[in-house]
Each structure stands twice: as structure tokens, then as C-alpha cells.
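Asks: Got a structure for you, questions after.
Okay, structure coming up:
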């Protein structure tokens with residue numbers, strides 16, 4: 173495991189109007205700490221997937237960066253975020269809301285620095301909160317009657 177490596181977790185439910193800009197904002201402003209991105213389509217019934225694929229097709233970060241699209245039949249961002257975090261093999265997972273357009277260069281390094289120093293580093297955009305979690309500290313997440321591997 174690479175020190176300070178990060179997986180981006182983006183749970184998406186019916187955000188076709190904005191999701192292309194959300195993905196572009198992540199891709200254009202992340203640091204080299206980000207090794208991969210899990211995009212979980214949470215029971216999407218609109219054109220979100222196509223908008224995501226168009227945004228991804230216009231971006232080339234290098235061989236180290238990998239994007240995985242995961243399909244969930246559950247319309248739950250909580251479940252979708254858990255799927256992404258459990259899929260990560262990096263030291264950290266960074267959960268980003270599907271309505272947040274990021275315009276801060278290397279935003280993930282600011283969050284990582286705050287996390288390591290135990291300081292609160294709020295995002296000034298009201299209602300949008302990015303969450304950085306250390307994967308080794310996550311408990312086994314499960315939901316009664318729900319198979320996350322489906």
C-alpha cells in the first residue's frame with residue numbers, strides 16, 4: 173500500500189444535469205495521491221452514466237489512475253458509499269457528494285493534512301461535505317438483508 177494513497181468514492185443517483193461537471197472537477201483538481209475512483213451508480217434511471225463516461229473519456233491522468241464503475245440496485249448513497257470504501261485497497265477513501273463541483277487544486281491534500289493533524293477542515297460550500305476515512309479503521313459494514321456484492 174502506498175503511503176497516503178486515496179480512493180475517491182462517488183455515489184451517484186440521477187444527477188445527469190451536473191454529474192459531468194462533478195467528475196471533471198474531481199479529475200482536474202486531485203493530486204497524485206489519488207490512485208483510483210469508484211463511481212457507484214445507485215439505482216440510476218437517468219443519463220448519469222453516459223455523462224460520466226463522456227467526462228472520463230476526455231481525461232488522461234496516467235497509468236497509475238484507475239476508474240471503476242459499480243452498479244447498485246439500491247437507491248441509497250449510504251450503501252453506495254460503503255460499497256466504494258470496501259472496494260478500496262488504498263490507505264484512505266474520500267467520499268465526495270454527487271452534487272459537489274470541486275474547483276480547489278489538490279483538494280485531497282488539504283483534507284489529508286487536516287485529517288493527519290486532527291484539525292477540522294470544513295468545506296465552505298454549505299450542504300456539501302467531503303469525508304476522508306482511513307480504510308484500516310473501518311469496521312466490517314453490513315446491512316441486514318442486503319447483499320453488497322450483488
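In my numbering, the protein residues as written are 173 to 322. Backbone N, C-alpha and C fix where the C-beta goes; we use that ideal spot for every residue, glycine too. Nothing here was measured: the structure is a model prediction, and the numbers come from that model.
(1) Report buried or exposed for residue 253, applying the criterion of at least 16 other Cβ atoms within 10 angstroms of its Cβ.
(2) Quick check: what's the CA-CA separation for residue 243 versus residue 237?
(3) Can you tell which of 260, 186 and 193 has the C-alpha that lies nearest to the C-alpha of residue 208?
(4) Leaving aside the five residues before and after residue 196 along the sequence, list all residues of the same chain whose C-beta is less than 7 angstroms from its C-beta, in chain order.
(5) From residue 212 to residue 182, what distance separates their C-alpha atoms?
(6) Let me make sure I understand the geometry here. Which of 201, 218, 199 and 267 has the alpha-carbon closest to that of residue 302?
(7) Short of 6 angstroms in beta carbon distance, which residues of its chain neighbour residue 174, apart from the five on each side in sequence? Order them along the chain.
(8) Spatial neighbours of residue 388 within its chain, please: C-beta separation below 8 angstroms, excluding the five flanking residues on both sides.
(9) Return helix, strand or coil for residue 308, following the three-state DSSP convention.
(10) Does residue 281 come out as helix, strand or coil in the three-state DSSP assignment?
Replies: This is what the structure holds:
(1) Looking up residue 253 in the chain shown gives position 81. Result: buried.
(2) Translated into the one-based positions of the chain shown, residue 243 becomes position 71. Translated into the one-based positions of the chain shown, residue 237 becomes position 65. Distance between the alpha carbons of residue 243 and residue 237: 20 angstroms.
(3) Taking the first residue of the chain shown as position 1, residue 208 is located at position 36. With respect to the C-alpha of residue 208, the residue from 260, 186 and 193 having the closest C-alpha is 260.
(4) Taking the chain shown and counting its residues from 1, one reaches residue 196 at position 24. Answer for residue 196: 227, listed in chain order.
(5) The sequence position of residue 212 within the chain shown is 40, counting from 1. The sequence position of residue 182 within the chain shown is 10, counting from 1. The alpha-carbon atoms of residue 212 and residue 182 are separated by roughly 6 angstroms.
(6) Here residue 302 corresponds to residue number 130 of the chain shown, with the count starting at 1. Here the closest residue by C-alpha is 267.
(7) In the chain shown, counting from the first residue as 1, residue 174 sits at position 2. Once the five neighbours on either side are set aside, residue 174 has no close Cβ partner at all.
(8) In the structure as shown, the chain begins at 173 and stops at 322. Residue 388 is therefore absent and cannot be evaluated.
(9) For the purposes of this step, residue 308 is taken as the residue at position 136 of the chain shown. Correct three-state label for residue 308: helix.
(10) For this step, residue 281 is matched to residue 109 along the chain shown. It is helical.
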